[in-house]
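Asks: A single structure is presented below for examination.
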Amino acid sequence: MPKGRVQEKPAKIKVKPANTNSVKTNKSLQLPINFMIAAVCIAVAAWFGYKGYLETRVNTPYDVEKLVTTSGLDVPDRYWGTYRPGVYFGLKTRDPHSLVTGLMWYFPRFLRHDGSGFRHWCEQGDKLDRYAWLEHDGRTFGVQEIVDNAVTIRTTFVKKPGGYHGGDWTARIAVSSERERNGEEISLLFYTAIEEGTKGWIKANLGDYNRLTGIEGNTQGLGSFIINVNLINGTIEEHSFLATVTPGLNVLKETVLQNLRVATQKGSMEKHVVLAGEQLSLLPEGKKKDPNFVATQVTGKIPFEIEISYESGSFSNRIDKLTGKNYDEALKEQRQSFSKKFESVFKLKSKGYTDDEVAFAKMAFSNLIGSIGYFYGASQVQSMYTQGPVPYWKAPLYTAVPSRSFFPRGFLWDEGFHGLLISAWDTEIELDIISHWFDLMNIEGWIPREMILGQEALAKVPGEFVTQINTNANPPTFFLTLDFMLQHKEEDLLNRNFRLLDKLYPRLQAWFSWFNVTQVGDLPSTYRWRGRDGTTTRELNPKTLTSGLDDYPRASHPNVVERHVDLRCWIAFAARVIARIAEILSYSAKKYQETFQYLSDNNLLNKLHWSPNAQAYADYGLHTDKVILRKPAPPSPHKQQSNIQPPEMMRVVLENPSFKFVDTTFGYVSLFPFILQIIEPDSPQLGKILQDLRDPDLLWTKYGLRSLAKTSPLYMKYNTEHDAPYWRGPIWINMNYLTVRAAYHYSNVTGPYRENAKRIYQELRKNLIQNIIRQYRKTGYLWEHYDSTEGNGKGSHPFTGWTSLVVLLMAEIY
Numbered sequence: 000m001p002k003g004r005v006q007e008k009p010a011k012i013k014v015k016p017a018n019t020n021s022v023k024t025n026k027s028l029q030l031p032i033n034f035m036i037a038a039v040c041i042a043v044a045a046w047f048g049y050k051g052y053l054e055t056r057v058n059t060p061y062d063v064e065k066l067v068t069t070s071g072l073d074v075p076d077r078y079w080g081t082y083r084p085g086v087y088f089g090l091k092t093r094d095p096h097s098l099v100t101g102l103m104w105y106f107p108r109f110l111r112h113d114g115s116g117f118r119h120w121c122e123q124g125d126k127l128d129r130y131a132w133l134e135h136d137g138r139t140f141g142v143q144e145i146v147d148n149a150v151t152i153r154t155t156f157v158k159k160p161g162g163y164h165g166g167d168w169t170a171r172i173a174v175s176s177e178r179e180r181n182g183e184e185i186s187l188l189f190y191t192a193i194e195e196g197t198k199g200w201i202k203a204n205l206g207d208y209n210r211l212t213g214i215e216g217n218t219q220g221l222g223s224f225i226i227n228v229n230l231i232n233g234t235i236e237e238h239s240f241l242a243t244v245t246p247g248l249n250v251l252k253e254t255v256l257q258n259l260r261v262a263t264q265k266g267s268m269e270k271h272v273v274l275a276g277e278q279l280s281l282l283p284e285g286k287k288k289d290p291n292f293v294a295t296q297v298t299g300k301i302p303f304e305i306e307i308s309y310e311s312g313s314f315s316n317r318i319d320k321l322t323g324k325n326y327d328e329a330l331k332e333q334r335q336s337f338s339k340k341f342e343s344v345f346k347l348k349s350k351g352y353t354d355d356e357v358a359f360a361k362m363a364f365s366n367l368i369g370s371i372g373y374f375y376g377a378s379q380v381q382s383m384y385t386q387g388p389v390p391y392w393k394a395p396l397y398t399a400v401p402s403r404s405f406f407p408r409g410f411l412w413d414e415g416f417h418g419l420l421i422s423a424w425d426t427e428i429e430l431d432i433i434s435h436w437f438d439l440m441n442i443e444g445w446i447p448r449e450m451i452l453g454q455e456a457l458a459k460v461p462g463e464f465v466t467q468i469n470t471n472a473n474p475p476t477f478f479l480t481l482d483f484m485l486q487h488k489e490e491d492l493l494n495r496n497f498r499l500l501d502k503l504y505p506r507l508q509a510w511f512s513w514f515n516v517t518q519v520g521d522l523p524s525t526y527r528w529r530g531r532d533g534t535t536t537r538e539l540n541p542k543t544l545t546s547g548l549d550d551y552p553r554a555s556h557p558n559v560v561e562r563h564v565d566l567r568c569w570i571a572f573a574a575r576v577i578a579r580i581a582e583i584l585s586y587s588a589k590k591y592q593e594t595f596q597y598l599s600d601n602n603l604l605n606k607l608h609w610s611p612n613a614q615a616y617a618d619y620g621l622h623t624d625k626v627i628l629r630k631p632a633p634p635s636p637h638k639q640q641s642n643i644q645p646p647e648m649m650r651v652v653l654e655n656p657s658f659k660f661v662d663t664t665f666g667y668v669s670l671f672p673f674i675l676q677i678i679e680p681d682s683p684q685l686g687k688i689l690q691d692l693r694d695p696d697l698l699w700t701k702y703g704l705r706s707l708a709k710t711s712p713l714y715m716k717y718n719t720e721h722d723a724p725y726w727r728g729p730i731w732i733n734m735n736y737l738t739v740r741a742a743y744h745y746s747n748v749t750g751p752y753r754e755n756a757k758r759i760y761q762e763l764r765k766n767l768i769q770n771i772i773r774q775y776r777k778t779g780y781l782w783e784h785y786d787s788t789e790g791n792g793k794g795s796h797p798f799t800g801w802t803s804l805v806v807l808l809m810a811e812i813y
């Protein structure tokens, strides 16, 4: 009987003495009835318990030892950093709740009432000429150049160890221009804010004439500290400050704009936009509250330079402050050390690259490592057992980002590519990134494909992309990173980080198992990306966001029979890498070796994915090419209303689909058995792929390989009335890097196609490097992807995520 339930007593039955048998019969029936009631109650309780268990699996952490055991002050040399990639310049700590600093600016003559012309977050709409870290080592210093309307803002910083709370740092912000802009006014605002949940306080220090000379404060992580702001070169026309309460980091710009006012200098008709200085803010209920946001504004005539020095109160034996000439010397030393290490790692000068080309490579690398962010919060996730989105557990994430302007947050499949370049430079940083990502694994072995943590990150994401679905995968590219590290950083892994690799192994097993169970196809050894919408009425071809290739054409009618060749190759590749790791750790690798051998069997691969008709690898599914977008017929004139928007284009299927290879589509997916090196070196299929690669009517251009062949029915076709082609023609650097890497591999193994692979390797690598550098010189940016007809940069920018792999192409590191 369930606990808490009171058993009802049997009703008393009045009988005649001579009829005692009837009494015995009723009592004997009562016992099985009670057992039945108990069984039903237990079953109901068990069902609700099991249902609750299923509901909570999606947001229950994987139950093994955490990988991230040292963070924050336990890693003092990376405690402070430029961990706010979404702002033009800002520093924070690797604490869940941190003190943050940042830069805003505007030209008074360009500032509008709606706030346009005011700079803070990295925004493509600001239309800056360029901005990027030119040098950054991921730990100690950085040099950034921002060009806004021919005015150059140079931000630099250097850190100095000491004390018990992460040491000191100093930043310089220098404004300069060509002669025609000299003397023009610009307003710089440097601010300090406390994140929501931070235990501590900040306040403004005021000097003569009520001017802010600095900021002091105390937080749990930092202890006591002071921040000084000083002019070191040039002339300041106006100085003001603001100390107030801001609702959150996502509205700092709005907080400033609300507090700007126009002031007239004494004895002058000149007007300035200044901050309304306050020390306390009134809450709606009339109570006063200490400020959590302090900004100082200096308006000066170009050129001028300010210096911001942060000093930890625990740094008691400070002999030489990190200011003035000491700062100049420290920055010079760090830059020299960076250049020396950059050459030792990538060897570009010894390969004959010019100083300008080396400077480009430094920028591409530095903006990737300088854009590493530290985020904290809870994702929003959902499973088939939850009624709606539920919060993931709160957790930190230390990760690089694809784009500071458009994607300033963590993406699972992008990060595996970022890790190739980062690990070539600093194994410890990359292993820390991997550890943070794998600590986000739930009990099912699933890792959300996009991590949106904290107020600022959430403010940049459209609502429909916030919730992560636990059936949806993303390519397991961290196996690429681990494979790369096993080849190039084996000593670091086996000596200094053997214990970490051992702790990572069960999570790798769980991740691999999750893929191998949840993404399987209808037939043995086939796999299918989940997350496609088979009921869409507006998409020409239902997207496959989970594959990372978004609108790349798949079978026109998604169903369970579908099989995807790229996913099959990812699983095979992952099995090979995890088998190698198992061997290193002295665990049994047999299961993974057998899986790799099974999935890489070329005969089986060809049976399932080689189209005899197209002589190419292809997906298989319920498909027709006869699908178009068409405007619905307009309503009759008497039913039309002037205020109703015209209907959107709808998907129209012109012929019934049939089960077949999707072999009229040739592109990146067709290359996966080649780019993940599943094909045997003597395979005729390898010869055909190399032949197709070089065909300009298919993928080849003088700027790199386009994503979809010109002969494919959906080449450069819109997927909806408004969704421009994304993976339907443009050149993507991550896939081109993998193709170059594969060509290099096949050019160095014995086989009949070795020389052909070598020619493709040399020519494709040269085309990619030349065009990326050419477009950078032309536009000031690295781009998300490149046009296949002229080579022009397209999409979001700067995109120093996987496009920065150009550095490894230059260095010939695969």
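Every letter in the sequence shown is one number past the one before it in numbering that gives the first Met the number 0, and letter 9, counting from 1, is 8. Quick reminder that beta carbons are idealized off the backbone N, C-alpha and C, glycines included.
DSSP has H164 in a bridge; who is on the other side?
Replies: Here residue 164 is taken as the residue at index 165 of the sequence shown, counted from 1. Per DSSP, none; premise fails for H164.
Asks: Could you give the first and the last residue of the continuous beta strand (DSSP E) run that contains K300?
Replies: Indexing the sequence shown from 1 puts residue 300 at position 301. From DSSP, the beta strand (DSSP E) with K300 extends over F292 to S311.
Asks: For Q278, which residues of its own chain have a beta-carbon under 8 Å away from its beta-carbon, when the five flanking residues on both sides are left out?
Replies: Counting from 1 along the sequence shown, the entry for residue 278 is found at position 279. Bear in mind that the predicted position of Q278 carries a pLDDT of just 46, short of 50, making it unreliable; the figure below should be weighed with that in mind. The residues are K202, A203, A242 and P290.
Asks: With 16 other CB atoms within 10 Å as the buried threshold, where does S657 fall?
Replies: For the purposes of this step, residue 657 is taken as the residue at position 658 of the sequence shown. Per the 10 Å Cβ criterion, exposed.
Asks: Taking the beta carbon of E342 as the centre, do at least 16 other beta carbons fall within 10 Å, making it buried, or is it exposed?
Replies: Here residue 342 refers to the residue found at position 343 of the sequence shown. Exposed: under 16 other Cβ atoms inside 10 Å.
Asks: For S746, I'd like the list of residues in its chain whose CB is within less than 7 Å of its CB, leaving aside the five on either flank, ordered along the chain.
Replies: Here the question's residue 746 lines up with position 747 in the sequence shown. Only R753, A756, K757 and Y760 meet the Cβ criterion.
Asks: Counting along the chain, where does the alpha helix (DSSP H) carrying G323 start and finish?
Replies: The residue labelled residue 323 in the question sits at position 324 within the sequence shown. From DSSP, the alpha helix (DSSP H) with G323 extends over G323 to F345.
Asks: Ignoring anything shorter than 3 residues or poking outside the segment 408 to 483, list the beta strand (DSSP E) runs there in chain order.
Replies: Whole beta strand (DSSP E) segments, 3+ residues: 466 to 468.
Asks: Could you check whether G415 and T476 sit closer than 8 Å to each other, using their CB atoms as the reference points?
Replies: Taking the sequence shown and counting its residues from 1, one reaches residue 476 at position 477. Taking the sequence shown and counting its residues from 1, one reaches residue 415 at position 416. Yes, the pair counts as a contact, with Cβ atoms nearer than the cut-off.
Asks: Please go through the same chain and pick out, in chain order, the residues whose beta-carbon is closer than 6 Å to the beta-carbon of N229, but skip the five residues on each side of it.
Replies: Position 230 of the sequence shown, counting from 1, holds the residue named residue 229. Excluding sequence neighbours, N229 sits near E306.
Asks: In three-state terms, what does DSSP make of V576?
Replies: The residue you call residue 576 lines up with position 577 of the sequence shown. In this structure, V576 counts as helix in the three-state DSSP scheme.
Asks: Residues in its own chain within less than 7 Å of D431 by CB, not counting five upstream and five downstream?
Replies: By 1-based counting over the sequence shown, the position of residue 431 is 432. Once the five neighbours on either side are set aside, the close Cβ partners of D431 are Y397.
Asks: With a CB to CB cut of under 7 Å and the five nearest residues on each side skipped, what residues in its chain are close to M440?
Replies: Counted from its first residue, the sequence shown places residue 440 at position 441. Here the set comprises Y61, I446, R506, A509 and W510.
Asks: If you follow the alpha helix (DSSP H) that Y743 is part of, which residue opens it and which one closes it?
Replies: Looking up residue 743 in the sequence shown gives position 744. Start and end: I732 to Y745.
Asks: Could you check which residue in G162, P31, V142 and H119 has the C-alpha nearest to that of L72?
Replies: Residue 72 sits at position 73 when you count from the first residue of the sequence shown. That would be G162, whose Cα lies nearest to the Cα of L72.
Asks: Classify V157 as helix, strand or coil using the three-state DSSP reduction.
Replies: Position 158 of the sequence shown, counted from the first residue, corresponds to residue 157. Strand at V157.
Asks: Please tell me whether G666 and Y551 are closer than 8 Å, where the distance is taken between their beta carbons.
Replies: The sequence position of residue 666 within the sequence shown is 667, counting from 1. The sequence position of residue 551 within the sequence shown is 552, counting from 1. Yes.
Asks: What is the DSSP secondary structure of F798, counted as helix, strand or coil?
Replies: Reading the sequence shown from its first residue, position 799 is the one you call residue 798. F798 falls in the coil class under three-state DSSP.
Asks: Shortest alpha-carbon distance to R773 belongs to which of Y87, M103, G220 and F359?
Replies: As a working mapping, residue 773 is identified with position 774 in the sequence shown. Checking every option, the nearest Cα to that of R773 belongs to F359.
Asks: Using DSSP with H/G/I as helix, E/B as strand and the rest coil, what is L279?
Replies: Along the sequence shown, read from residue 1 onward, the residue named residue 279 stands at position 280. Annotation note: pLDDT 40 at L279 (below 50); position unreliable, coordinate value reported separately. Three-state DSSP puts L279 in coil, outside helix and strand.
Asks: Can you find the residues in the same chain that come closer than 7 Å, C-beta to C-beta, to V67, ignoring five residues on each side of it along the sequence?
Replies: Taking the first residue of the sequence shown as 1, we reach residue 67 at position 68. Excluding residues within five positions, the ones whose Cβ falls inside 7 Å are S434, H435 and D438.
Asks: Checking 8 Å against the spacing of the C-beta atoms, do V297 and M103 come in under that value?
Replies: On the sequence shown, position 298 is the one that residue 297 refers to. On the sequence shown, position 104 is the one that residue 103 refers to. Cβ atoms of V297 and M103: not closer than 8 Å.
Asks: Express the C-alpha separation of V460 and T814 in angstroms, rounding to a whole number.
Replies: There is simply no residue 814 to check, as the chain begins at 0 and stops at 813 in what is shown.
Asks: With 16 as the cutoff for other CB atoms within 10 Å, does K288 come out buried or exposed?
Replies: Here residue 288 is taken as the residue at index 289 of the sequence shown, counted from 1. Looking at its Cβ environment, which holds fewer than 16 other Cβ atoms inside 10 Å, K288 is exposed.
Asks: Within its chain, find whatever has a CB closer than 6 Å to the CB of P802; leave out the 5 residues flanking it on each side and keep chain order.
Replies: Counting from 1 along the sequence shown, the entry for residue 802 is found at position 803. In the sequence under discussion, the amino acid at residue 802 is Thr, which differs from the Pro named in the question. Cβ neighbours of T802 beyond the five flanking positions: I732 and L781.
Asks: On a Cα-Cα basis, can you pick out the residue from F798, R764 and K765 that is closest to G779?
Replies: For the purposes of this step, residue 779 is taken as residue 780 along the sequence shown, with counting starting at 1. It is F798.
Asks: Rounded to the nearest angstrom, what separates V465 and N258 at their Cα positions?
Replies: The count along the sequence shown starts at 1 and reaches residue 465 at position 466. The count along the sequence shown starts at 1 and reaches residue 258 at position 259. Taking the straight line from one Cα to the other gives about 32 Å.
Asks: Please tell me whether L411 and N473 are closer than 8 Å, where the distance is taken between their beta carbons.
Replies: Here residue 411 refers to the residue found at position 412 of the sequence shown. Here residue 473 refers to the residue found at position 474 of the sequence shown. The answer is yes: Cβ separation under 8 Å.
Asks: Would you mind reading off the limits of the alpha helix (DSSP H) that contains F511?
Replies: Translated into positions along the sequence shown, residue 511 becomes position 512. Taken as a continuous stretch (DSSP letters only), the alpha helix (DSSP H) holding F511 covers F497 to T517.
Asks: According to DSSP, is M809 helix, strand or coil?
Replies: For the purposes of this step, residue 809 is identified with residue 810 of the sequence shown, where counting begins at 1. It is helical.
Asks: For K793, which residues in the same chain have their Cβ closer than 8 Å to its Cβ, ignoring the five residues on either side in sequence?
Replies: Within the sequence shown, the letter at position 794 stands for residue 793. Cβ within range, chain order: P729, W782, E783, H784, Y785 and D786.
Asks: For H796, collect the residues of the same chain with a Cβ closer than 6 Å to its Cβ; drop the 5 residues on either side in sequence, then sort them by chain order.
Replies: In the sequence shown, residue 796 corresponds to position 797, counting from 1. Closer than 6 Å at Cβ, skipping near neighbours: Y780 and W782.
Asks: Considering only C-alpha positions, which residue in the set D136, L485, E538 and S422 is nearest to L807?
Replies: Position 808 of the sequence shown holds residue 807. Selected option, being the one with the closest Cα: S422.
Asks: In terms of residue numbering, what span does the alpha helix (DSSP H) encompassing D691 cover?
Replies: Translated into the one-based positions of the sequence shown, residue 691 becomes position 692. Where D691 is concerned, the enclosing alpha helix (DSSP H) stretches over P683 to L692.
Asks: According to DSSP, simplified to helix, strand and coil, what is E284?
Replies: On the sequence shown, position 285 is the one that residue 284 refers to. Since pLDDT at E284 reaches only 48, below the 50 mark, its modelled position is unreliable, and no value is offered.
Asks: Any heavy atom of the ligand FAD closer than 7 Å to the CB of D125?
Replies: This structure simply doesn't include the ligand FAD, nor any ligand for that matter.
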